[in-house]
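What follows is a short report on a single structure.
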Amino acid sequence: MRITTRAAKTGTLVLVVAGLGGAVLHGLPEPVDHAVRPTTTKDVAAWTMPLDGYVLSSGPAS
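Be aware that the sequence shown starts at 24, since it is given in our numbering, and climbs by one per residue.
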C-alpha cells in the first residue's frame, strides 16, 4: 500500500509541475517580427514628471 501512495503523490507532483510550466510558457510574450521605432523624442527642455520619460517634441520638424 505504501508504494501506491508514493506513486500517487509523485504523479500528482509531476502533473502540478507540468501545469505550472505550461502556464508560464503560455504567458510568455511572442517575439516581434521587426523592431519598433519610438514615436516620440526625449525633450530635455520640457519639465515632466519623473515617470513621464518622453514627451512630444515641440521644436522645429526636420
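Think of the CB as a built atom: it goes at the ideal place given N, C-alpha and C, for glycine as much as any other residue. In this text the structure is predicted, and so the values were computed from the model without any measurement.
Look at residue 64 here: in three-state DSSP terms it is strand. In this structure, DSSP gives residue 48 a helical state, which the three-state scheme calls helix.
Between the alpha carbons of residue 27 and residue 34 lies a gap of roughly 10 Å.
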